[in-house]
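Novice: Once you've had a glance at the structure underneath, I'll fire off some questions.
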Amino acid sequence: MGIGARFGRNFDRLLDCLALVGCALIMFQVISVSFEVIVRYFFGFSFGWVTSLNEWSLVFLTFLGVAWLQREGGHTNDDSIMQKFPAPVRVMARAAAWGLALLTTAVLTWYGAKVAWQNYVNESYDFFKIREVPLFYIYAVIPFGSLLWLIQLLRSMRREVHDNRAGARHDTTDV
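Just so we're aligned: 18 in the UniProt record's numbering is position 18 of the sequence shown, and the numbers increase by one with no gaps anywhere.
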């Protein structure tokens, strides 16, 4: 097994593990919010940490699951308008979409790392939420997840190019 295949297999395992973490986060959100509502209704008080942890878990859920969702083809894609254009226009539009996606994930990775590092250096805390948790831990997931998404985009793009070439070779042999 080559290095690329081994990397791909291990990367897929990482994405699967992060998807499980995302499932656990969703379960935490459901249970903690339900508990919060019940306690507030029956006992008249609430836990301040529930809202904060749920807000942060949404960020974690998004950035830990985005690469897995890309791999599974779960992002929205409406090509009904593009089907009306000739094939060369569709190819150019698809290339532009890949370029925009790669640029977006690269910017998210770069600036996310920059902001996370700045929060680490400054030892920043969110005093309006849970004061004991440094913001670095919250922001660090953004460049991490964006980098995984960037890698998965490159893998998906490579697979699409390979499949298109294989399809083109197959089409020419049938003529």
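Cβ coordinates follow ideal geometry from the N, Cα and C atoms, glycine included.
So residue 177 packs on E36, CB below 8 Å; how close in whole Å?
Specialist: Because the chain here runs from 1 to 175, residue 177 falls outside it and cannot be looked at.
Novice: Cα separation between N96 and D79?
Specialist: Counting from one through the sequence shown, the residue named residue 96 turns up at place 96. Counting from one through the sequence shown, the residue named residue 79 turns up at place 79. With the sequence shown as reference, residue 96 is identified as Ala, and Asn is not the correct amino acid for it. Rounded to the nearest angstrom, the two C-alpha atoms are 14 Å apart.
Novice: Along the alpha helix (DSSP H) that carries Y125, what are the first and last residues, could you check?
Specialist: In the sequence shown, the residue the question calls residue 125 occupies position 125. Looking at the DSSP string, Y125 is not in any alpha helix (DSSP H), and its letter there is neither H nor E.
Novice: Identify every run of the beta strand (DSSP E) within the segment 56 to 87, keeping only runs that are complete inside it and at least 3 residues long; order them along the chain.
Specialist: Runs found: none.
Novice: Taking Cβ positions only, does N77 come closer than 7 Å to chain D?
Specialist: Protein chains in the displayed structure number just one, and chain D is not present.
Novice: Less than 8 Å between the CB atoms is what I'm expecting for E68 and L18, so what's the real figure, rounded?
Specialist: By one-based count along the sequence shown, residue 68 stands at place 68. By one-based count along the sequence shown, residue 18 stands at place 18. Correcting the residue type first, residue 68 is Trp in the shown sequence and not Glu. The Cβ separation is near 6 Å, so the contact holds.
Novice: By the DSSP assignment, the alpha helix (DSSP H) with E36 in it spans what residues?
Specialist: On the sequence shown, residue 36 is found 36 positions in, with the first residue counted as 1. Residues 3 to 43.
Novice: When the Cα atoms are used, what is the spatial distance from D174 to I3?
Specialist: As a working note, residue 174 is residue 174 in the sequence shown. As a working note, residue 3 is residue 3 in the sequence shown. Since pLDDT at D174 reaches only 42, below the 50 mark, its modelled position is unreliable, and no value is offered.
Novice: Take W117 as the anchor and find which of R13, R131, I138 has the nearest alpha-carbon.
Specialist: For the purposes of this step, residue 117 is taken as the residue at position 117 of the sequence shown. Cα-wise, what sits closest to W117 is I138.
Novice: How long is the line joining the alpha carbons of F63 and N10, rounded to whole angstroms?
Specialist: As a working mapping, residue 63 is identified with position 63 in the sequence shown. As a working mapping, residue 10 is identified with position 10 in the sequence shown. F63 and N10: Cα-Cα distance of roughly 19 Å.
Novice: Would you please state the rounded distance, in angstroms, between the beta carbons of L102 and L150? I believe it to be under 8 Å.
Specialist: Counted from its first residue, the sequence shown places residue 102 at position 102. Counted from its first residue, the sequence shown places residue 150 at position 150. Sure, about 7 Å apart at Cβ, within 8 Å.
Novice: Report the CB separation of V21 from S32 in whole angstroms; it is logged as a contact under 8 Å.
Specialist: The residue labelled residue 21 in the question sits at position 21 within the sequence shown. The residue labelled residue 32 in the question sits at position 32 within the sequence shown. Not really, about 16 Å apart at Cβ, beyond 8 Å.
Novice: Since L108 and S146 should fall inside the 8 Å C-beta cutoff, what is the C-beta to C-beta distance between them, to a whole number of angstroms?
Specialist: As a working note, residue 108 is residue 108 in the sequence shown. As a working note, residue 146 is residue 146 in the sequence shown. About 4 Å; that satisfies the 8 Å criterion.
Novice: Quick one, are the C-beta atoms of I142 and G112 less than 7 Å apart?
Specialist: Residue numbering aside, residue 142 sits at position 142 when the sequence shown is read from its first letter. Residue numbering aside, residue 112 sits at position 112 when the sequence shown is read from its first letter. A contact, by the Cβ cut-off of 7 Å.
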